[in-house]
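Remarks on the structure that follows.
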Amino acid sequence: MREKLKEMTLESLSSVLPLTLIVSGITVLIAPVPVGKMVLFWVGAALLIIGMGILNMGVDMALMPFGNDIGASITKTRKIGLICAASFAIGVTIAFAGPDVQVLAMFLPGMGRWTLPIAISVGAGFALLLAVLRIILHIPMSKILMACYAVLIALMMFAPAGIAPVAFDSGGVVTGPISVPFILAMGLGIASVRSDRGSLDDSFGLVALCVIGSPIAVLILGMLFSPGGHAYTPPTVPAVETTRDVALEFVKEFPHYLAEVAKTVWPVIAVFIIYQGLTRSYHVKQFTRLLIGFGYTYIGLVIFMTGVEVGFIPVGTYLGADLAASEVKWLLIPLGALIGYFVVAAEPAVHALCKQIEEVSLGVIPGSAVMRYMSWGVAAALSLTMTRIMFEIPIYWILLPCYLLALVLMYHVPKIYTGIAFDAAGAVTGPMASTFILPFALGACVNSERIMLDAFGTVGLIAMTPPVSLQIMGFIYEHKKKPAVPGQIHDILDDEIVVFDEAGGKNKDE
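893 is the number that this note's numbering gives the last residue of the sequence shown; the numbers go up by one with no jumps.
Written out as structure tokens, the structure reads:
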């Protein structure tokens, strides 16, 4: 276990270090930041590395196995009513507990403390219910996505302009370091019960529908309740002068995040305990191991959130505002792309998704390639975001073409890529998006009267790019398939697993 934790921490270091170096370089060469504030950022980065390592350990030990088991169990009952009720309850619980949902609500105090999180959670609950039924009833992913996006686009036309960017952000924040691994594993568990040759493709797509369900719910909320007239208040950067001041800032906030993260983890643990009480699925040793895994998840998330919210949110806002007020404001566009490219690797959920993709595809779809295409997509999204802020471009002008392109690509790539691509929309919009990228965008237009229209929507744009970039990857891979190699699996993307024997003939792997 110690070696596994060391491996996870080193992986976190390689993920976070590039972003830390880029931000440090920007503050030295382009936008100077007081030393005290940079020390806050560096300590935050160190806590992020440690926290992510511990968190990933907990995800591997508890969340993914439990998600897989509960998905398989509710499906085996064959009782549609029970499946629907359980799926809705799990969706609401996982979404409401998400730390990023609470962060977005914090940026919009005018909507009330619980109004936005409740709307996001209910939307995610209905979306997860729909996603589970899709797998059980063998409904093609493309038809569900087309219907959901048609509803989303229709609502966009009637909802107030100020709520639309917030709605798109809600689709990103509903997925995070806890919800994405759990829902991905749950999809695998449900699909495993079917055991037909299309089940691998259908194991993806649950996260994708949650990303759409929450914006639909928030747009409906916006027709009933408008947040207009409530000014955004930027976070205050703590005044620190000594290393003791820096340490005290983190120590002071640590108890707060102990309580906040408990709200995130305990609902999931409660579901786990209820599940064990009803099914007795785990013997004592397994039950203890899963509880230890949940403990790792809790501790890792506390350290992670303390680091990003104390060290990243204030510095991200300060840096964005400083660049926007400078004579080189245009640098926001290339710098946004640079930050976007490297921030993908710092999202815990991205690693869980890439790992599951490799396992499900038996290595045919490399996780490294998935990460690379996601990075390019998010880089494009952030450069477009900064362009939108600078030139006050309506978000619809960017989102609608992206939606249409993603939907068209669905009919030109293998089905498994469509599920992966739309699930990735949730994976890239984790804590780093809501605690650094969104504050960076808010800082860039903090003195603008269009902050509700221009800064919000940033997370939504990030979420929209993987469905395009990963389906492009699928299109390219499909047209560059390697020739048959003895003993290697090639045709898993064509809805069946085929192994080539030494003579080059096909032997179906039953």
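Yeah, the Cβ is synthetic: ideal placement off N, Cα and C, and Gly gets one too.
Nearest-angstrom Cβ-Cβ length linking residue i and residue j, presumed shorter than 8 Å
i: residue 722; j: residue 765; result: 6 Å
i: residue 818; j: residue 486; result: 6 Å
i: residue 683; j: residue 393; result: The Cβ separation is near 15 Å, so there is no contact.
i: residue 455; j: residue 562; result: No, residue 455 and residue 562 are not in contact; Cβ-Cβ is about 19 Å, not under 8 Å.
i: residue 466; j: residue 476; result: Not quite, the Cβ-Cβ distance comes to about 16 Å (not below 8 Å), so this is no contact.
i: residue 633; j: residue 426; result: 6 Å
i: residue 827; j: residue 706; result: 7 Å
i: residue 559; j: residue 813; result: 5 Å
i: residue 564; j: residue 708; result: Going by Cβ atoms, the distance from residue 564 to residue 708 rounds to 40 Å, so no, they are not a contact pair.
i: residue 505; j: residue 600; result: 6 Å
i: residue 480; j: residue 654; result: With 8 Å as the limit, residue 480 and residue 654 do not qualify as a contact, their Cβ atoms being about 10 Å apart.
i: residue 703; j: residue 822; result: 7 Å
i: residue 748; j: residue 741; result: 7 Å
i: residue 549; j: residue 478; result: Actually they are not in contact, since the Cβ atoms of residue 549 and residue 478 sit about 16 Å apart, beyond 8 Å.
Spatial neighbours of residue i in its chain, beta-carbon cut-off 6 Å, leaving aside the 5 residues before and after
i: residue 676; result: 441, 444 and 445
i: residue 729; result: 398, 399, 402 and 815
i: residue 395; result: 432, 435 and 436
i: residue 713; result: none
i: residue 866; result: Bear in mind that the predicted position of residue 866 carries a pLDDT of just 46, short of 50, making it too unreliable to give a figure here.
i: residue 391; result: 436, 439 and 440
i: residue 488; result: 499 and 500
i: residue 502; result: 600, 601 and 604
i: residue 386; result: none
i: residue 621; result: 632
i: residue 770; result: 716
Close-in-space but distant-in-sequence residues of the same chain around residue i (CB under 8 Å, 5 per side omitted)
i: residue 626; result: 422
i: residue 547; result: 539, 602, 605, 778, 779 and 840
i: residue 788; result: 851
i: residue 640; result: 685, 688, 689 and 692
i: residue 429; result: 690
i: residue 853; result: 753, 756, 757, 760, 800, 803, 804 and 807
i: residue 572; result: 450, 451, 452, 453, 454, 455, 456 and 458
i: residue 727; result: 733, 754, 757, 758, 761 and 811
i: residue 623; result: 419, 420, 422, 423, 629 and 632
Extent of the continuous alpha helix (DSSP H) run through residue i
i: residue 548; result: 546 to 556
i: residue 655; result: 626 to 662
i: residue 417; result: Element bounds for residue 417: n/a, residue is neither H nor E.
i: residue 717; result: 715 to 726
i: residue 861; result: 841 to 861
i: residue 774; result: 750 to 774
i: residue 712; result: Where residue 712 is concerned, there is no enclosing alpha helix (DSSP H), given that its DSSP letter is neither H nor E.
i: residue 786; result: 779 to 792
i: residue 821; result: 821 to 827
i: residue 534; result: 524 to 541
i: residue 695; result: Unbroken run through residue 695: none, as it is neither H nor E.
i: residue 394; result: 385 to 412
i: residue 746; result: Where residue 746 is concerned, there is no enclosing alpha helix (DSSP H), given that its DSSP letter is neither H nor E.
i: residue 817; result: Counting along the chain, residue 817 falls outside any alpha helix (DSSP H), and DSSP gives it neither H nor E.
i: residue 809; result: 798 to 810
i: residue 665; result: Element bounds for residue 665: n/a, residue is neither H nor E.
i: residue 621; result: Residue 621 -> no alpha helix (DSSP H), and no H or E assigned at all.
i: residue 588; result: It is not in any alpha helix (DSSP H) - residue 588 carries neither H nor E in the DSSP assignment.
i: residue 348; result: Lying outside 384 to 893, the shown extent of the chain, residue 348 is not represented and no answer is given.
Cβ-based neighbour list, residue i, same chain, cut-off 7 Å, excluding 5 preceding and 5 following
i: residue 849; result: 757, 760, 804, 807, 808 and 811
i: residue 514; result: 588, 589 and 592
i: residue 737; result: 750, 753 and 754
i: residue 473; result: 511 and 654
Check: residue i C-beta below 8 Å from any heavy atom of the ligand PLP
i: residue 561; result: The ligand PLP is not among the ligands present in this structure, which contains no ligands whatsoever.
Residue-chain proximity (residue i, chain C), Cβ-Cβ < 9 Å
i: residue 590; result: Structure shown: chain C not included; a single protein chain is present.
Practice task
Go through the segment 441 to 492 residue by residue and report every complete run of the alpha helix (DSSP H) that reaches 4 residues or more, in order.
Solution key: Fully contained in the segment 441 to 492 are the following alpha helix (DSSP H) runs of length 4 or more, in chain order: 447 to 459, 463 to 479 and 482 to 490.
Problem - Cβ contact (3+ pairs, closer than 8 Å) linking the segment 654 to 666 and the segment 413 to 421 - result: No contact exists between the segment 654 to 666 and the segment 413 to 421.
Problem - Contact the segment 525 to 533 vs the segment 784 to 801: 3+ CB pairs below 8 Å - result: They touch, by the three-pair rule.
Exercise for the section: Count the C-beta pairs between the segment 507 to 515 and the segment 594 to 601 that are closer than 8 Å, then say yes if the count reaches three, no if not. Expected result: Taking a cut-off of 8 Å on C-beta distances, the segment 507 to 515 touches the segment 594 to 601, as three or more cross pairs fall below it.
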